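Per this note's numbering, residue 39 is the first one in the sequence shown, and the count goes up by one each step.
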Amino acid sequence: GCALGVQWLSKRCKLDEFKSHAFFAGLFHDVGKLFVLMVADQLKQKDKNLSITNELIMEAMNLLHTEQGYSLMKQWNLPEEYCV
Numbered sequence: 039g040c041a042l043g044v045q046w047l048s049k050r051c052k053l054d055e056f057k058s059h060a061f062f063a064g065l066f067h068d069v070g071k072l073f074v075l076m077v078a079d080q081l082k083q084k085d086k087n088l089s090i091t092n093e094l095i096m097e098a099m100n101l102l103h104t105e106q107g108y109s110l111m112k113q114w115n116l117p118e119e120y121c122v
């Protein structure tokens, strides 16, 4: 949704030269949140007695998603302009 939204917005603002960049940036802008959710799920699978509440996951996501997203994108060798 975000990727299509920013692509549409760049077109609407007559910034057609940025459409592809906007789409790509929108696609990956919250990839760190997905990473935090995956880690929480793996921890729950490893230890069924581990109590990870939704509140704890949300707090971890808010604190860590930007840093983790940046790290992931750097590991994937994405251009710096998308990683920031």
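Positions of the beta carbon are idealized from the N, C-alpha and C atoms, including for glycine.
Computed from a predicted structure; not experimentally measured.
Q: Take the Cβ of SER48 as the centre, count every other Cβ of all protein chains shown within 10 Å, and call the residue buried at 16 or more, exposed below.
A: buried
Q.
So the candidates are GLY39, MET99, VAL44 and ALA41; which of them puts its Cα closest to the Cα of LEU72?
A. Comparing Cα-Cα distances from LEU72 to each of GLY39, MET99, VAL44 and ALA41, the minimum goes to MET99.
Q) In three-state terms, what does DSSP make of CYS51? A) coil
(Q) So, for GLU55: in the same chain, excluding its five sequence neighbours on each side, which residues have a beta-carbon less than 6 Å away from its beta-carbon? (A) none
Q. Tell me which same chain residues have a C-beta within less than 8 Å of the C-beta of HIS67, skipping the five on either side of it?
A. Result list for HIS67: CYS40 and GLY107, in chain order.
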